[in-house]
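Residue numbers (the working numbering), protein chains in the order written: chain A, 1 to 111; chain B, 1001 to 1131.
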């Protein structure tokens, strides 16, 4: 497994850059992963990342984009629970990029 | 058979899929992989249900602790099915009772039905995938 260095810690990632151990995640690691994805983290980005972490802790999976959109709409309102908003934040795929930054595995049910 | 299939608005064919789960959740990879297949199948907007028979009923047990066997505890993931619009979960009554279980032991709401009822339902499906 490849490793990356973040703030003096050595962290294992898979060949696509997802964290191997969820427990390695912290905000510094998230910032590092965001830079790798060329995403400038704002409060709105953090909101989605934190939402994903909560979803994972409740269900033990990373949601498919369709499920994520619906769940965000329910919790944060339709202004945020739509594809346009989420793709503006994470242009290369909200489920994929936001999950990676959140330290989660690749979403289940993404094709 | 084709003439019985419902057509959705986009013109795609919607088939009735049943995912039949017969194995205990841990010890083999069948239950976890099977659950992932179900979650992926949700992307295709089909009419999906799941049935739990034999040791498969154990997949839905509440209060599972996997720390001793070094496997991910995916029991909570069954609760995510609703968000994937998979809401038809059937448990065979005979299997449940033979194991001393009741509906209260399950982590999600299920419909309990007899072996004969389940067999009839199985007969209505276009596709049955067993694991």
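Every residue gets a Cβ at the ideal spot worked out from N, C-alpha and C, and that includes glycine.
Exposure label - residue i; buried when at least 16 CB within 10 Å
{"i": "residue 97(A)", "result": "buried"}
{"i": "residue 7(A)", "result": "exposed"}
{"i": "residue 90(A)", "result": "buried"}
{"i": "residue 101(A)", "result": "buried"}
{"i": "residue 1029(B)", "result": "exposed"}
{"i": "residue 5(A)", "result": "exposed"}
{"i": "residue 1034(B)", "result": "buried"}
Pair within 8 Å by beta-carbon distance, residue i and residue j
{"i": "residue 1053(B)", "j": "residue 1095(B)", "result": "yes"}
{"i": "residue 1110(B)", "j": "residue 1117(B)", "result": "no"}
{"i": "residue 59(A)", "j": "residue 1077(B)", "result": "yes"}
{"i": "residue 1055(B)", "j": "residue 1098(B)", "result": "no"}
{"i": "residue 95(A)", "j": "residue 71(A)", "result": "no"}
{"i": "residue 1065(B)", "j": "residue 1017(B)", "result": "no"}
{"i": "residue 1106(B)", "j": "residue 1062(B)", "result": "yes"}
{"i": "residue 1071(B)", "j": "residue 1090(B)", "result": "no"}
Range covered by the beta strand (DSSP E) that runs through residue i
{"i": "residue 1097(B)", "result": "Looking at the DSSP string, residue 1097(B) is not in any beta strand (DSSP E); the run it does join, the alpha helix (DSSP H), is 1093-1098."}
{"i": "residue 1021(B)", "result": "1016-1021"}
{"i": "residue 1112(B)", "result": "1111-1113"}
{"i": "residue 51(A)", "result": "Run containing residue 51(A): none in the beta strand (DSSP E); it sits in the alpha helix (DSSP H), 43-59."}
{"i": "residue 9(A)", "result": "9-12"}
{"i": "residue 1129(B)", "result": "1127-1130"}
{"i": "residue 122(A)", "result": "Since the first and last residues shown for chain A are 1 and 111, residue 122(A) lies out of range."}
Proximal residues of chain A, C-beta to C-beta of residue i below 7 Å
{"i": "residue 1077(B)", "result": "59, 60, 61"}
{"i": "residue 1074(B)", "result": "60"}
Under 7 Å from the C-beta of residue i: neighbouring residues of chain B
{"i": "residue 71(A)", "result": "1083"}
{"i": "residue 102(A)", "result": "Chain B residues near residue 102(A): none, gap ~16 Å exceeds 7 Å."}
Chain A residues whose Cβ lies nearer than 9 Å to that of residue i
{"i": "residue 1080(B)", "result": "55, 58, 59, 60, 61, 63, 67, 108"}
{"i": "residue 1031(B)", "result": "Correct list: empty, because the minimum Cβ distance to chain A is about 13 Å."}
{"i": "residue 1024(B)", "result": "Those do not exist, as residue 1024(B) stays about 18 Å from chain A at its closest Cβ, beyond 9 Å."}
Helix, strand or coil at residue i [DSSP, three-state]
{"i": "residue 31(A)", "result": "helix"}
{"i": "residue 64(A)", "result": "coil"}
{"i": "residue 1067(B)", "result": "helix"}
{"i": "residue 1047(B)", "result": "strand"}
{"i": "residue 76(A)", "result": "helix"}
{"i": "residue 1026(B)", "result": "coil"}
Where the alpha helix (DSSP H) containing residue i begins and where it ends
{"i": "residue 1033(B)", "result": "1030-1041"}
{"i": "residue 88(A)", "result": "83-89"}
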